[in-house]
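The listed protein sequences correspond, in order, to chains A, B, C and D.
Residue numbering for the first sequence follows the numbering used here, starting at 646 and increasing by one per position.
Residue numbering for the second sequence follows the numbering used here, starting at 646 and increasing by one per position.
Residue numbering for the third sequence follows the numbering used here, starting at 9 and increasing by one per position.
Residue numbering for the fourth sequence follows the numbering used here, starting at 9 and increasing by one per position.
Virtual Cβ for every residue (Gly too), placed ideally from N, Cα, C.
Reading through the C-alpha cells given below for one structure.
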Amino acid sequence: MLNKVLVANRGEIALRVIRACRELGIRSVAVYSTADADSLHRLLADEAICIGPAHPSGSYLNIPAIISAAELRGADAIHPGYGFLAENARFAEICEACNIKFVGPRSETIALMGDKVSARRAAAAAGVPVTPGSDGPCRSAAEVKRVGAEVGYPLLIKASAGGGGKGMRVVHSEGEVDAAYASASREAGAAFGDGSVYAERYLEKLRHVEVQVLADERGVTAAFPERDCSVQRRYQKLLEESPAPGLPEGAREGMKKAAASLVETLGYWGAGTVEFVYSGGEFYFIEMNTRLQVEHPVTEAVASVDLVAEQLRVASGEGLSVKGEVPARGHAIEFRINAEDPRRGFLPQTGPVEFYNPPGGPGVRVDSHLYAGYKVSPYYDSLLAKLIVHAEMREAALRRGARALDEFALTGLDTTLPLHLAILEDEDFRRGGVFTDFLEGRELTGDGAGLPRLAAVGRSPA
Amino acid sequence: MLNKVLVANRGEIALRVIRACRELGIRSVAVYSTADADSLHRLLADEAICIGPAHPSGSYLNIPAIISAAELRGADAIHPGYGFLAENARFAEICEACNIKFVGPRSETIALMGDKVSARRAAAAAGVPVTPGSDGPCRSAAEVKRVGAEVGYPLLIKASAGGGGKGMRVVHSEGEVDAAYASASREAGAAFGDGSVYAERYLEKLRHVEVQVLADERGVTAAFPERDCSVQRRYQKLLEESPAPGLPEGAREGMKKAAASLVETLGYWGAGTVEFVYSGGEFYFIEMNTRLQVEHPVTEAVASVDLVAEQLRVASGEGLSVKGEVPARGHAIEFRINAEDPRRGFLPQTGPVEFYNPPGGPGVRVDSHLYAGYKVSPYYDSLLAKLIVHAEMREAALRRGARALDEFALTGLDTTLPLHLAILEDEDFRRGGVFTDFLEGRELTGDGAGLPRLAAVGRSPA
Amino acid sequence: MNNGGEPKGEARGKALPLDDVGRLVELLAESGVGEIRVRQGELEITVKAKLEAAPVVAPSPVAVPAEPRVHLPEVVVPEASVLETQAEAPSTNGLHAVRSPVVGTFYRAPAPGEGPYVEVGDTVRAGQTLCIVEAMKLMNEIPSDVSGEVVEILVQNSGGVEYDQPLFHIRPEA
Amino acid sequence: MNNGGEPKGEARGKALPLDDVGRLVELLAESGVGEIRVRQGELEITVKAKLEAAPVVAPSPVAVPAEPRVHLPEVVVPEASVLETQAEAPSTNGLHAVRSPVVGTFYRAPAPGEGPYVEVGDTVRAGQTLCIVEAMKLMNEIPSDVSGEVVEILVQNSGGVEYDQPLFHIRPEA
C-alpha cells in the first residue's frame, strides 16, 4: 500500500481523499493556498503545506509548487481529486517523471481521452456507439457542411478540447454553418488554447447517463450501476441518481458493456467515467472522464464500494476488491449544495457560514468542508456540500431526500437547497427520466417546511 | 398507514421517529417540556405541544398530559421511543383504552416481559435456554440457599422488576446469602417499588449479545444479525457492533432461532430485542426489551432495513417488508457520545454546546439532537449523539470509526469521544469478543489526532 | 414550526403593541445593533442584543462557563410562545398572566349551556375559578393566583391549550 | 411561524416613530458610535451599539464583514504556522520578514561547500540575494526586499519551506 499521499486539491474532495487515506492507514499531505489556511482539508490531513496564493493559478494549478511539496514531504503518490489538475496529462507525466505515483490512469490515456476527437475514435474502435458525425476535426466550415449533408441537421459543433459547453454551437441548417463554425472555433481557441472543432448530429430530448468504471493494472475491470445526471443547469450537473429511473434493461446493459469494452481496449487503470447521451431509445458515447467524479458517492451507496479506496489500492499496485458488473442495491440521489442563489440567476455567494448543522439519521451522507464560521471565498468553485441519500426504492429515496434537505441548516449564504426541494416536488422529476432541458424555463421555488425553522435555530439565544 | 403520530420522547430518538414519519408521509407531533423549548425535536416535528415542566415526572413521564396532547392534536398513534414510557404497560393500556395506537406490542406482552421472573418462565416455555436458577421469585434467604445447592455458587441475586444493575448481588458461598438477600431485596424495593428477587447461576467472562426481532400482527416475524453490546460501564452500553465478532456460527444461529421462537410463542408484534449472555460457548436468555433500542442503527446498517419505518408499518396494520433470518452485509459499530467526562469518573456534563460539526463521508451516520448553542440540561439522560459506522469488514469499520470519531468536533462539554478512540486502540477490543468487564480497571485514554485540531476550529476567529 | 394554530391574542385590544416589538426585534436582528429602546408616554420598549462576554442568563440551574465562547446574537425568534412570554412579563404594564398547569381543552363555563366563570372587566379574587381545562375527561378548575381585574381572555372556548400557556391577563389590585 | 414581517399595528392609536428609529439604527451602524438616544417631549429613543469583546484578529486576507454575527473567541491553534505568523508580526520590534515566494528547499549558500550568502549581523541591500529556494531542481535566488541588518535566519540550511514562510528577519535601515 502507498505510504504517503499528497492531495492536490481542496474543499470536499480533498477531505474525501484524506478520509480514505486515514481509513487505509496512509499518511495524507494537504496542500493549501493562503486563502485556505482555515480550511478543513488543511486541518484534517496528517500534514499540510502552503503552496501559493489564493488564485488557483499560483496554488492548486501550480505544478512546480505541488511537485516540490510532494518531494519535500516525501509523498509517494499524488491524488488530484477532480477539477484543477485531475485531467492534466502533462501533470500526470511530470509525476511519472518524478517517480511520484499519479492516482489516475497513464498520462497518455488522459491525453487520448482529453481530446474529444481522439476519444471519439477510441470509443468507436472499441465498438462503443458514437453520435453520427465527423471522423476527426473539421478544419473548415465546408467540412462541417459535408458532415451535415451526411448525418443531417440539426448539427452540433463542439470544441475538441472542450467541456462545460464552451465552444459549442447548434446549427439548424447549412446556411448557419459558416457563422457558427467561426464563432465556435474562436471561443474554443480562447477557452482551451486549441481552436479545433468537430461536428456531430445534435440530439434533442436527451438524458445524460454515465457508467462508473474501475480497472487495475492487472486488467481486472468493474462497471457499476449507471448514474443519471440529466438535471443540469448550463451543462453543470446539479442532482445525480443511480440507477437511472425507467431506463430499458437493454440500454442499461448496453452502456455497461460498452464502458467495460472501452476500458479494456484502452488498457485503462484507476477510476473513470464513460458518459453517454440517451435519446430515443439509443445511447451514444459523449466522453470519458479519466478521474473521480463529483457524483461518485451515489455509486458508492448503491454498490457498497469505496471508490477512493479502490483508486488508492490500484495506485498501490494492489488488485480491485470488485470486478465485473456490480449490482445495484436500492436507489441513491446526490444533491449538490452550491453557494449560488437560485432565485437570483444562480448568483455566486461568498462570505462566512453563520450556522451549520447538516442532516443526520438513516440513509443520509454528507460530504462537505463547511463549518460554522468558515468563509466561502470567491476564488474557488461554488460547491459547498453534497448530500447523498440512499433507500431501498427510488420513491423512498426521494422522500428521504426531501426530509434531509429540509433539515439541512445552513445560514449566512444563499444556496441551492430550496431549488432541490422544489425539484423533488416536481411531478416530471418524481416520475423520473427527465431530459437535460428539465430546468430550463421552469419556475422552481420552494422553501421546505423545516428550512426557515432551522435557520431560526441558528439565531436563537445560544 | 397512520395519519398522525405523537412522539412521546425527546432528544435523538424523538428526531429519529420524526424523520421516519416524515419519510412515510405521516404527520408528527412533538411533545416537549419547558426545558426543551429550543430542542430540535420540537422544531422538526410538524406540530409541537408543551406538556409540562423540565422534570420528566411532570412532562415525559406524565401520562395524562401525553394522552391529552394526543387527543387535542388528533394523533392516531403514539411512539414511545425508548426509556420514559416505552416499557410502561399501564401507559400502553391507557393508549389502547383511548383508541390511540401504541407503537409497540400489546400491554400484556409488555407486562409479561417487564417482570424478570415471568419473562424467564416465558423464555423457558419457548424452549429458550435460561440461566440455571430459581423458577420464580425467592421469598426468603432459605429459598436462595436451596437454589444455590442445586445450581452451585457463585450465585446472582436479581430484582424481579430490575434493570441497570439495581437490586443485584453476587454471592460466592452460602454464608453470604442472608446479607445479600436482605440488601438486594431492600434496594429493589426502593428502586422499583417491588422487593421481590430471584436467584440464578452467576456467569463470569460473559458477553452481552442480543437479537433484534420484528413481528407484525399477522404473525410474520424477522430475526436480524446479532449485536454485541459487551462494552459497558456499570451495565450501561457504550459501544455496540454487529455481527458479534468471533462468535461460533452455531451460537449465532441458536440465538436467532431462540429469539424467533420466543416471539412466535408470545404472539409478539412490533420491534423487540431478546438479550442473551454468552459465556463458555453457551448462551442464556437474560431479558426481552419490548421496544426500540438505542443501538438499533447498527442493525439498520448491516441489514439495510429501517426499523422505525417497520414499527410504524406494523402499527398501521401493514405487513413487514422483511421476514425470516435477515442476512448481514458488512460490519457496523455504534459509539454512544455521552455528556460524561471519562477522565473524571464519567461526571455528567451540562451546559451549552459551543461548536458542533459532526463527521461526514462514506459509511458514517450520526443521530443527534445537538446543534451549536444547544444547552445540555441536567434533567435528561446524557446521550448526545450516536455515531454509526459501516464498512465491508470489521477491520475497515474500526478504522472508519477512528477516522470519524477523530473528526467529530464538539466543544463546550467533555464527552465520551476520547474514550471511544482509546477503545479502538485497545488490542483486546481490536481482536474482538471482549467480555462485559472490559472497561473495568483499564486505563483508557486517548485524544486522537484530529480532535484537538477540530476543537480549535471552533475557537478560531470566525 | 407551526404553533398549532392556537389563537394567540387577537382580541388583545390595546394591550401591548407586539407588532411593534416584533418589528424592533427584526430591526435589531437585521442591523446587528446592541439595543433599541423606545418610550412613548406610558409606553417604553427596550430591545437589547446579548452583551458579548457578559454572563449568559440561564433560566436553568445549569452552570454556564465563565467565558461563553460562542456568541450568537440574541434574537427573539418570532414565535408565539416567545412573544407571549414577553407579553405577559409583569414588567411595564403590570398585567399578570394566569397560565395553564395542564395540557387540555379550555372551557370558560362549568358546563355546556351555563354562563362563563368570568368575563373581561370582572374583578376576581385570588383562588376564584376562572375556567376549566379538561384533560383525559378530568375537569381541572383553574383558579386565579391574584386578585384583580380580568383584562383579557387569551384562549377561545373549547380551544386546546399547552402546558404553561397564558389563559388570562389580570391587572392585579393595587 | 415566521411573522411574515408584515407591519400590522394599525389600530394602535398614535403610531410609533419607527422610521425615525430605523434611521437612527442605520446611523448607528454606519457611524460606528456606541449609543444614540433621542428624547422629544414624551418621546425618547435610545439606540446602542452591541458591545464587542476584544477585537477579533483575522490573520487571513479575507474581508471580515462589517457586522460579524457569529463571534467565536480567539484561541491560538497550537500549530507551527500560526505561531510563526505571530512570531514574525512586524508590530512591536520593527523587524521585517523576508518570505519564501515558492515551496521548496532552503539553501543558504550558492552551492555545496561555498560560504553562505549572508550571516546574522550582515547589512544587506534591497535586491541582494539572501538564499536559494530549490523547487523541482530549479534554484530560485531569493532577494531581500528591504535594506537593513540581518537579525535572524529562521530556517535551517536544506530545510523545507512553505509558500509565504518567513525566512529572514531584517531590521530595516532607518
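- Where Met933 of chain B is concerned, there is no enclosing alpha helix (DSSP H), although the beta strand (DSSP E) around it starts and stops at 927-934.
- The DSSP-derived three-state label of His817 of chain A is coil.
- Taking a C-beta distance under 8 Å as the contact criterion, Gly123 of chain D and Glu157 of chain D do not qualify as a contact pair.
- For Pro709 of chain B, no beta strand (DSSP E) encloses it; the enclosing alpha helix (DSSP H) starts and ends at 708-718.
- At a cut-off of 8 Å, the C-beta of Tyr171 of chain D has a neighbouring C-beta in chain A.
- Residue-level contact check: Val106 of chain C does not touch chain B, since none of the beta carbons of chain B fall below 8 Å from its beta carbon.
- Bridge partners of Lys746 of chain B according to DSSP: B:Ala722.
- Glu1072 of chain A counts as exposed, since fewer than 16 other beta carbons sit within 10 angstroms of its beta carbon.
- Counting every other CB atom within 10 Å of its CB across the protein chains shown gives Tyr913 of chain A a total of 16 or more, marking it as buried.
- Assignment of beta-bridge partners to Thr910 of chain A by DSSP yields no partner.
- Between Ser906 of chain A and Ala771 of chain A the beta-carbon gap is near 5 Å, inside 8 Å, which marks them as a contact.
- Using a Cβ-Cβ cut-off of 8 Å, Val1009 of chain A counts as an interface residue toward chain B, since at least one Cβ of chain B sits closer than that to its own.
- Residue burial annotation: Glu894 of chain B is exposed, with fewer than 16 other C-beta atoms found within 10 angstroms of its C-beta.
- Among the residues of the segment 687-709 of chain A, those with a Cβ less than 7 Å away from any Cβ of chain D are Ile694, Cys695, Ile696, Gly697, Pro709, in the order of the chain.
- Contact with chain B is found for Gly1005 of chain A, since one of that chain's Cβ atoms lies less than 8 Å from the residue's Cβ.
- Distance from the CA atom of Asp172 of chain C to the CA atom of Pro109 of chain C, rounded to whole angstroms, is 6 Å.
- Residue state for Ser828 of chain A is assigned as helix, using DSSP reduced to three classes.
- One Cα belongs to Glu732 of chain B, the other to Asn934 of chain B, and the distance between them is close to 8 Å.
- For Ala722 of chain B, the CB contacts under 6 Å within the same chain, skipping 5 residues up- and downstream, are Leu647, Val650, Lys746, Val748, Ala960 in chain order.
- In this structure, Tyr798 of chain A lies near Val816 of chain A, with their beta-carbon atoms less than 8 Å apart.
- With 16 or more other CB atoms across the displayed protein chains lying within 10 angstroms of its CB, Ser830 of chain A is buried.
- Interface annotation for the segment 150-167 of chain D against chain A: empty, criterion Cβ-Cβ distance under 8 Å.
- Taking the C-beta atoms as reference points, Arg981 of chain A is found no nearer than 8 Å to Leu1043 of chain A.
- With three or more CB-CB distances shorter than 8 Å, the segment 986-1006 of chain A counts as touching the segment 1055-1075 of chain A.
- Chain-ordered, the chain A residues with CB closer than 7 Å to the CB of Asp1012 of chain B read Gly1005, Gly1006.
- Among the CB atoms of chain D, none fall inside 8 Å of the CB of Ile745 of chain A.
- Taking the beta carbon of Ser949 of chain B as reference, the chain A residues within 8 Å of it are Arg974, Gly975, Glu1037, listed in sequence order.
- Distances from the alpha-carbon of Val922 of chain B to those of B:Val842, B:Thr910, B:Glu738, B:Ala889 put B:Ala889 closest.
- Burial state of Ser166 of chain D is exposed, judged by a 10 Å Cβ sphere holding fewer than 16 other Cβ atoms.
- Setting aside the 5 residues that flank it on each side, Pro942 of chain B is surrounded in the same chain by Ala977, Glu979, Arg1010, Asp1012, Lys1031, Ile1033, each with a C-beta closer than 8 Å to its C-beta; the list follows chain order.
- For the pair Val792 of chain B and Glu845 of chain B, the Cα-to-Cα distance works out to about 7 Å.
- By the criterion of at least three beta-carbon pairs nearer than 8 Å, the segment 1019-1026 of chain A is not in contact with the segment 948-964 of chain A.
- Under the 8 Å criterion on CB atoms, Ser713 of chain B is classed as interfacial with respect to chain C.
- Non-local beta-carbon contacts of Gln857 of chain B in its own chain, meaning distances under 6 Å to residues more than five positions away in sequence, involve Phe869, Thr918, Thr944 in chain order.
- Contact of Pro942 of chain A with chain B by beta-carbon distance below 8 Å involves Pro1007.
- Listed by position along chain B, the residues whose Cβ is nearer than 8 Å to that of Met147 of chain C form an empty set, because the closest Cβ is around 12 Å away.
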